[in-house]
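For what it's worth, the numbering used here labels the leading residue of the sequence shown as 550, then goes sequentially.
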Amino acid sequence: MKGWLVTEFGGPEKMNWAELPDPQPGPGEVSILVKASGINFAETRMRAGTYSGIQLPQVLGMECGGLIEKVGAGVTNFKPGDRVMARTRGSHAEKVLADARKTVLLPSNLSFEEGAAIPVGWHTAWHAVVTMANAQPGMKVLIEAVASSVGSAALQIAKHRGCWVGGTASQDAKLKKAKEWGCDGIYNYKTEDIVARIKADTNGYGIDIACATIGGETIQRVLDAMAPHGKVMNYGSTGGRVVSYDLGIGERNVELISMSIDTSKFYIPGTVKTFNEQALPLFATGVFKGIVDTVLPMSELAKAHQMVNDRNHFGKVIMVNS
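Structural data, given as structure tokens:
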């Protein structure tokens, strides 16, 4: 089998479509014939060497839709040929190993491309909005980078839970799409005073839950927009990993929670369990959608990385094996 292998950090030229060992599932694992694989911004940083904890060599990719090829010992809920989606590293390949606990049957109405658009963005958004922040009807939720895969998932989740939702983006075209998907307030963080706009739109109240993923230039504005006892869920740093902010947030009892589902003790028993029980049926009925912006051949990974870096898409860029 082949996959996109990185043996040296750097630009897209460091990615090689290389021969790899055929994956053999161990206990609790499955091997998947990859039909579609989602692109995530984090992968461009993994390739460049600016993502924490990445060791080389590394097969790129973090999620896929495909067919079960083999099951390991102890796996009883899947069989060869099952249509699945999975959150797993190394998915930009012809085959990939996955933890059976992070693998689910693909609803029959979803394509492999739609399935590949779900695991990373939706698990992250569900972990932030539901598991950690416990969003309730009437709460005010702000989503940074609302056009991203995580942002567009968080938008749908928060709206379904009865929240008022505001979203930020750097382009008006993406904000227009967010409005079409139900966003109540839309804010261009490059051109607008988003704190003043948010305060006006919430009658001076502010934000109960913020999903923060940009960092750098925007974190202080997010904090300034928070209501008393609000929660800032930070799960990214697309605008810069080093941030500074005014500790005066303590006067409003604002919580700043930095989260990673990879290392959270609540991920498997909490997020995955409730997501499978509560969210998956909503994909089957069309209430929730994994938003696919662009589909490319697996051979065009460099183009996919450029699209993600340019940030002109809404939802997910997907690659497919022929």
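From the three backbone atoms N, C-alpha and C, an ideal C-beta is built for every residue, glycine too.
Measuring straight from C-alpha to C-alpha, what distance separates Glu662 and Ala833?
15 angstroms
Let me know the secondary structure DSSP gives Tyr794 once reduced to three states.
In this structure, Tyr794 counts as coil in the three-state DSSP scheme.
Would you please state the rounded distance, in angstroms, between the beta carbons of Gly731 and Lys708? I believe it to be under 8 angstroms.
5 angstroms
Pro572 versus Gly664: straight-line alpha-carbon distance, rounded
21 angstroms
Do you know offhand how far Ile798's Cα is from Leu805's?
Whole-angstrom Cα-Cα distance: 9 angstroms.
Taking Cβ to Cβ, would you say His672 is nearer than 7 angstroms to Arg636?
yes
By how many angstroms is the C-alpha of Leu569 removed from the C-alpha of Lys619?
17 angstroms
Quick one: using the 10 Å Cβ neighbour count with 16 as the cut-off for buried, is Asp811 buried or exposed?
exposed
On a Cα-Cα basis, can you pick out the residue from Ser586, Lys651, Asn589 and His641 that is closest to Val579?
Lys651
Helix, strand or coil at Gln573 according to DSSP, with G and I counted as helix:
coil
Inter-residue spacing [alpha-carbon to alpha-carbon] between Ala622 and Gly614
22 angstroms
Do Gly779 and Ile756 have their C-beta atoms within less than 7 angstroms of each other?
yes
Using CA atoms only, rank isn't needed, just tell me which of Ala828, Ala666 and Cys712 is closest to Val866.
Ala666
Going straight from the alpha carbon of Gln720 to that of Phe627, what length do you get?
Here the alpha carbons of Phe627 and Gln720 stand approximately 42 angstroms from one another.
Within 10 Å of its beta-carbon, does Asn870 have 16 or more other beta-carbons around it, so buried, or fewer, so exposed?
buried
Residues bridged to Arg632 (per DSSP)
Beta-bridge pairing links Arg632 to Leu616.
Taking DSSP as the reference, what is the three-state secondary structure of Glu643?
Here Glu643 carries a coil assignment [DSSP, helix/strand/coil].
Asn783 (DSSP reduced to helix, strand or coil):
strand
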